[in-house]
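>
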Amino acid sequence: MNKLVMVMSVLLIIVLIFGADSIVLASGVNDPKSAWDYIRSSELQQEAGKWDEALADINKAIELNAEYAWAYATRSKIWQAKGKWDEALSDANKAIENYNGRYDEAYALRDDIIKKKQEEAERQARLARQEEAERLARQEEAERLARLARLARQE
Numbered sequence: 195m196n197k198l199v200m201v202m203s204v205l206l207i208i209v210l211i212f213g214a215d216s217i218v219l220a221s222g223v224n225d226p227k228s229a230w231d232y233i234r235s236s237e238l239q240q241e242a243g244k245w246d247e248a249l250a251d252i253n254k255a256i257e258l259n260a261e262y263a264w265a266y267a268t269r270s271k272i273w274q275a276k277g278k279w280d281e282a283l284s285d286a287n288k289a290i291e292n293y294n295g296r297y298d299e300a301y302a303l304r305d306d307i308i309k310k311k312q313e314e315a316e317r318q319a320r321l322a323r324q325e326e327a328e329r330l331a332r333q334e335e336a337e338r339l340a341r342l343a344r345l346a347r348q349e
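Take 195 as the starting number for the sequence shown in our numbering and just add one per residue.
1) My guess is that Ala286 and Ile307 are in contact by the Cβ rule of under 8 angstroms, so how many angstroms apart are they, rounded?
2) When DSSP labels each residue in this structure, what does Tyr232 get in the three-state scheme?
3) Which runs of the alpha helix (DSSP H) spanning at least 4 residues fall entirely within the stretch 275 to 347, listed in chain order?
4) With a threshold of 16 other CB atoms inside 10 Å of the CB of Lys271, please say whether the residue is buried or exposed.
5) Please report how far the alpha carbon of Gln240 lies from the alpha carbon of Ala322, in whole angstroms.
6) With a 10 Å radius around its C-beta and 16 neighbouring C-beta atoms as the bar for buried, classify Asn292 as buried or exposed.
7) If you reduce the DSSP assignment to three classes, tell me which class Ala260 lands in.
8) Tell me which same chain residues have a C-beta within less than 7 angstroms of the C-beta of Ala300, skipping the five on either side of it?
Structure, rendered in structure tokens:
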């Protein structure tokens with residue numbers, strides 16, 4: 195009995211000094227990460243701009259708990275940063291569904307994605323119009339130069 199009390203006391207001291215993870219490390223057993231651990235890791239990867247690593251971590255969180263609304267909201271933000279608007283919108287909707295429609299941040303996230311998706315479509319349309327205008331201007335210039343060359347040959 196004394197030996198058990200002594201072991202427990204040592205473990206308590208270790209926990210107080212080094213934290214609970216030290217017991218797991220000392221035992222030699224790998225403590226599997228929880229969905230929340232992967233979400234937090236993903237958020238840290240996002241802060242560092244490491245989008246692929248963030249995506250891998252959040253996918254693991256969703257694999258561990260497919261009903262975790264926060265995980266879908268987090269993945270939605272990653273897709274948004276990568277310019278994957280359809281995926282971002284899908285995950286924002288999943289966040290809303292998994293929280294029974296009471297997740298205000300997910301609604302705001304979804305609204306923001308829809309707005310940014312529309313802005314991106316408008317930007318792409320402007321770019322296409324600009325490229326077409328430049329193509330036409332090059333074509334007109336080429337035709338003008340060809341006319342000048344024909345006139346020069348006729349003289």
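Note that CB positions come from ideal geometry on N, CA and C, so glycine has one too.
Result, derived from the coordinates:
1) The beta-carbon separation of Ala286 and Ile307, rounded to 6 angstroms, stays under the 8 angstroms limit for a contact.
2) Tyr232: helix per DSSP, three-state reduction.
3) Counting whole runs of 4 or more residues, the stretch 275 to 347 contains the alpha helix (DSSP H) stretches 279 to 292.
4) Counting every other CB atom within 10 Å of its CB across the protein chains shown gives Lys271 a total of 16 or more, marking it as buried.
5) Cα-Cα distance, rounded: 31 angstroms.
6) Under the 10 Å beta carbon count, Asn292 is surrounded by 16 or more other beta carbons and is classified as buried.
7) DSSP, read as helix, strand or coil, puts Ala260 in coil.
8) Contacts found: Ala263, Ala267, Ala286, Ala289, Ile290 and Tyr293.
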